[in-house]
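Each residue of the sequence shown is one higher than the one before, starting from 647 at the first, in the working numbering.
No residue lacks a Cβ here, since even glycine has one placed at the ideal position from N, Cα and C.
Since we're looking at a predicted model, the values are computed, not measured.
First up is the structure itself, then whatever we jot down about it.
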Amino acid sequence: MRVNRLVVGPFAANCYIVNRESSKQCVIIDPGGDAARIKNTLADLRLQAEAVLLTHGHIDHLFALAAFSGNDAITVIAHEDEKVILAGVSLQSRMFGLEEMPAPEISRWVHDNDMIQIAEMSFRVIHTPGHSPGGCCFFTDAAIFVGDTLFDSSIGRTDLPGGNYDHLIHSIRKKLFILPDDTLVYPGHGEQTTIGREKKFNPFLRG
């Protein structure tokens, strides 16, 4: 599996382009901005996007989604419990002084433990509420894309609408920390880490 990270948008969010090295099909995870740059990267890598996976519905993770949605060839996937947050994207964009964005069209709503077979890859959906009600992670090939659930030495904020600190800690401990220690963690902001490192050193999760 090949993972290309782009830091995009005014909130420096991580957008990931993921593909099998033997394939020209790929998925985009959290296109948070800079649509032209994402498209140029796809062209440079000679990749064709088959799907967009959304870890959650905050504007900094989907502001470039319109450039890829509305295309029957691209499936847009999100957790069903994120419907309310996604419906409020227009309000989110106004709150942060961004160009107003309508609620995105989601092709497929998923649930905990659903399997997504796309672009010659298999992703398991892990529902991790806390940062947002329908926040989820996508696990594949000893790697997990966690959005704003978990960071290198930190955790997601829970003071936004739908956030819940106790739910977040439970999600991390009971859903993520059961994965192998060498699982690569690709967060929504900042550098990658591993499950083992966060279990041992993350100050919000020790003890």
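Query	Result
C-beta atoms of PHE785 and GLY836 nearer than 8 Å	no
Option nearest LEU693 by Cα separation, candidates HIS773, ILE824, ASP676 and ASN665	ASN665
Which of helix, strand or coil DSSP assigns to SER739	helix
Chain-order list of residues whose beta-carbon lies under 7 Å from that of ILE720 (same chain, five-residue window excluded)	ALA695, GLU696, ALA697, VAL698 and PHE714
Unbroken beta strand (DSSP E) run spanning SER768, endpoints	767–773
Test item: CB-CB of SER778 and GLU728 under 8 Å	yes
Beta strand (DSSP E) segment containing ASN650, residue limits	648–654
Strand pairing of LEU699, partner residues [DSSP]	ILE675 and ILE723
Contact under 8 Å by Cβ, GLY875 with PHE709	The first residue shown for the chain is 647 and the last is 853, placing residue 875 beyond what the model contains.
For SER800, the three-state DSSP class (helix, strand or coil)	strand
For TYR662, the nearest candidate out of GLN763, LEU688 and SER669 (CA to CA)	LEU688
C-beta contact flag for LEU652 and ILE684 at 8 Å	yes
C-alpha gap between GLY808 and GLU766, whole angstroms	34 Å
Three-way DSSP call (helix, strand, coil) for ASN686 in this model	helix
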